[in-house]
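A.B. asks: In order, the protein sequences belong to chains B and H. Per the numbering used here, the very first residue in the first sequence carries number 485; after that it's consecutive. Per the numbering used here, the very first residue in the second sequence carries number 968; after that it's consecutive. Ideal Cβ placement from N, Cα and C applies to all residues, glycine included.
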Amino acid sequence: MQNNPQLNKNGELQHLLSIDGLPREVIERVLSTADSFVGVTEREVKKVPLLRGKSVFNLFFEPSTRTRTTFEIAAKRLSADVINLNIAVSSQSKGESLLDTVANLSAMQADIFVVRHASSGAPYLIARHVKPHEHVINAGDGRHAHPTQGLLDLYTLRHYKKDFTRLTVAIVGDVLHSRVARSLIHGLTTLGTPEVRVIGPQTLIPEGVEALGVHVYRNMREGLRGCDAVVMLRLQNERMRGALLPSAQEFFKHYGLTADKLALAAPDAIVMHPGPMNRGVEIDSSVADGPHSVILPQVTFGIAVRMAVMSMVAGGSA
Amino acid sequence: MNALPDAERLCAQLADAIRPQLRPDTAIIGLYTGGVWLAERLHALLGIGEPLGTLDIAFYRDDYHQQGLARDPKRSKIPFSIEGRDLLLVDDVLYTGRTVRAAMNELFDYGRPARILLAVLADRGGRQLPICAQYCGAHVEVPAGVRLRLRRDEDGRLSLQLEHAK
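So, in structure tokens, the structure goes:
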């Protein structure tokens, strides 16, 4: 616990960089705080004054619509001022270094940096260099982590399934390139989920993933049997280099979620997807829009989870 | 040892004091945690038709920037429209007045009530804001640094207790 850059000396969250390394009680605190924020988002006035006068800088070195938008909505509902910087097309193209960019924004009185970067570890680098009152939230770094997505997946699972210690969860598809999968696996094991499965072709399952406490299935039908939740991953075409896959059609045949494959899971199984979906590649439209799908509630919960994380890191003394 | 007044008796007295002043549309809102217990009692004793409202003011506290977010905030629930309504806000102990201010700030994010009255079981003085209770069970002298709070035991019995700061 010493030297965990995410926690202050009182063990409270000061940066959110990865679910890996977060103690169980911190994860549970995020989830219960998010639950109170869901109440706020159901009101007519969806704003609370917690971050009034604070500035949240969305630093997106890699394009994203949904994650950036939900962070922006979350910050605005906390009454913060939000500045969106699409760095991919600004200072980086002029040759400014990552830390120079951050130092300049810090001089503009930033309080929270929400960082998305193609390089794993970039948010850690920033967190090491910011001032004590500044906080960093990782919005996805390379293949490494996407902790707020992992937390919203955990929130969704808890919302529908209540008790993690009785769950069987399958994560299906392109695990190799997925920071979402990695974050979720850490969260599930920390919360005591007894059975976590990853399902996918050998080329898309990272070597040694069993060490994280998961069971690997190559055969999707076998892996889905009895699952309480099925988390489908997006096939990340833009991260594919070389021939890891024969074709999208071939992938769908073996690893696309269809109604007849889903029938092998528990009768009340839920289907999740971090978005954006490739219909007909990893998931069939009839499942994506079907009664087991909780894909749209995930988006709504994501706002409350991000409100919880921001209000937890930004409050109180360092 | 315990010179504190009996919370059960104060609760009954409060209900008796409030009853003649009720309006047909009066609704009750309790503040977590002790205020909700007291509000549940008053709600039943007074036979209020509207369901009970509950507020957790964690997102409206004025010491957030010093203290951070409260540990386990509950979800606020106001299951009726407060627009133009007569509201009775209920808390266990009135002290600085900051909790009540935060509660009123939160309430106005739900609408514009016609009137808000405040009922508390105990008033320990020490106000830092111009806030007073219209219904008060008892005035209790408590030394600074000691916390006065309502407790509820397994049988649901309410009692006032002192907690010395660590």
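1) Under a three-way DSSP split, which group does residue 704 of chain B fall into?
2) Could you tell me which of H/1102, H/1130 and H/1104 sits nearest to residue 1115 of chain H, measuring between CA atoms?
3) In whole angstroms, give me the CA-to-CA distance for residue 1093 of chain H and residue 1099 of chain H.
4) Give a yes or no on whether the minimum CB-CB distance between residue 1047 of chain H and chain B is below 8 Å.
5) Less than 8 Å between the CB atoms is what I'm expecting for residue 987 of chain H and residue 1105 of chain H, so what's the real figure, rounded?
6) Please classify residue 756 of chain B: does DSSP put it in a helix, a strand, or coil?
7) Who are the neighbours of residue 1025 of chain H on chain B, taking C-beta pairs under 8 Å?
8) Nearest chain H C-beta to residue 626 of chain B closer than 8 Å, yes or no?
9) Assign residue 694 of chain B to buried or exposed, taking buried as 16 or more other Cβ atoms, counted over all protein chains shown, within 10 Å of its Cβ.
10) Taking 8 Å as the CB-CB cut-off, is residue 513 of chain B touching chain H?
11) Which residues does DSSP pair with residue 1022 of chain H in a beta bridge?
12) Looking at chain B, which residues of the stretch 1037 to 1071 of chain H have a Cβ within less than 8 Å of any of its Cβ atoms?
13) To the nearest whole angstrom, what separates the beta carbons of residue 742 of chain B and residue 1040 of chain H, a pair I think is in contact under 8 Å?
14) Should residue 1014 of chain H go down as buried or exposed, given a rule of 16 or more other Cβ atoms within 10 Å for buried?
15) Cα separation between residue 1065 of chain H and residue 588 of chain B?
16) Let me make sure I understand the geometry here. Which of B/503, B/771 and B/560 has the alpha-carbon closest to that of residue 542 of chain B?
17) With DSSP collapsed to three states, give me the class of residue 1089 of chain H.
18) Suppose the cutoff is 6 Å on Cβ atoms and the five residues either side in sequence are ignored; what does the same chain contact list for residue 1046 of chain H look like?
19) For residue 497 of chain B, collect the residues of the same chain with a Cβ closer than 7 Å to its Cβ; drop the 5 residues on either side in sequence, then sort them by chain order.
20) For the structure I just gave you, are there three or more beta carbon pairs, one from the stretch 1109 to 1123 of chain H and one from the stretch 990 to 1010 of chain H, closer than 8 Å?
21) Below 8 Å on the Cβ atoms is my guess for residue 735 of chain B versus residue 719 of chain B; work out the distance and round it to an integer in Å.
22) On the DSSP bridge list, what partners appear for residue 810 of chain B?
23) Is any beta-carbon of chain B found at less than 8 Å from that of residue 1035 of chain H?
24) Alpha carbon to alpha carbon, how far is residue 699 of chain B from residue 488 of chain B? Give it in angstroms, no decimals.
25) Residue 802 of chain B CB to nearest chain H CB: under 8 Å?
26) For the stretch 753 to 787 of chain B, which residues have a beta carbon sitting closer than 7 Å to at least one beta carbon of chain H?
27) At the 8 Å Cβ level, is residue 618 of chain B part of the contact set with chain H, yes or no?
28) Closer than 8 Å by beta-carbon distance: list the chain H residues that pair up with residue 675 of chain B, in chain order.
29) Per DSSP, what are the beta-bridge partners of residue 1044 of chain H in this structure?
30) Run through the DSSP bridge pairs and tell me what residue 597 of chain B is partnered with.
31) Rounded to whole angstroms, how far is the Cβ of residue 717 of chain B from the Cβ of residue 659 of chain B, which I believe are closer than 8 Å?
32) Would you please verify whether the beta carbon of residue 799 of chain B is less than 8 Å from any beta carbon of chain H?
33) Give me the Cα-Cα distance between residue 975 of chain H and residue 982 of chain H, rounded to the nearest whole angstrom.
34) What first and last residue would you give for the beta strand (DSSP E) that runs through residue 605 of chain B?
35) Would you mind telling me which residues of chain H sit closer than 9 Å to residue 527 of chain B, beta carbon to beta carbon, in chain order?
36) Residue 796 of chain B touches chain H at which residues, Cβ-Cβ below 9 Å?
C.D. replies: For this structure:
1) helix
2) H/1130
3) 11 Å
4) Not closer than 8 Å to any Cβ of chain B, the Cβ of residue 1047 of chain H fails to qualify, so no.
5) At roughly 20 Å, the Cβ-Cβ gap does not stay under 8 Å, so residue 987 of chain H and residue 1105 of chain H are not in contact.
6) strand
7) 520
8) no
9) Exposed is the call here.
10) yes
11) Partner residues in the beta bridge of residue 1022 of chain H, as assigned by DSSP, are H/998.
12) 1038, 1039, 1040, 1041, 1042, 1043 and 1044
13) That pair is no contact at about 41 Å.
14) exposed
15) 38 Å
16) The residue among B/503, B/771 and B/560 with its C-alpha nearest the C-alpha of residue 542 of chain B is B/560.
17) strand
18) 1018
19) 490, 491, 510, 796 and 797
20) yes
21) 6 Å
22) With chain B covering only 485 through 802, there is no way to say anything about residue 810 of chain B.
23) yes
24) 28 Å
25) Caution applies to residue 802 of chain B, whose pLDDT of 44 falls short of 50 and renders its modelled position unreliable; the value that the coordinates give is listed next. It does not: the Cβ of residue 802 of chain B has no partner Cβ on chain H nearer than 8 Å.
26) none
27) For residue 618 of chain B, the answer is no, since every Cβ of chain H falls outside 8 Å of its Cβ.
28) Correct list: empty, because the minimum Cβ distance to chain H is about 17 Å.
29) H/1021
30) Its beta-bridge partners are B/541 and B/620.
31) Rounded to whole angstroms, the Cβ separation of residue 717 of chain B and residue 659 of chain B is 7 Å, and the two are in contact under 8 Å.
32) yes
33) Cα-Cα distance, rounded: 11 Å.
34) It is not in any beta strand (DSSP E) - residue 605 of chain B carries neither H nor E in the DSSP assignment.
35) 1043, 1045, 1076 and 1077
36) 1035 and 1036
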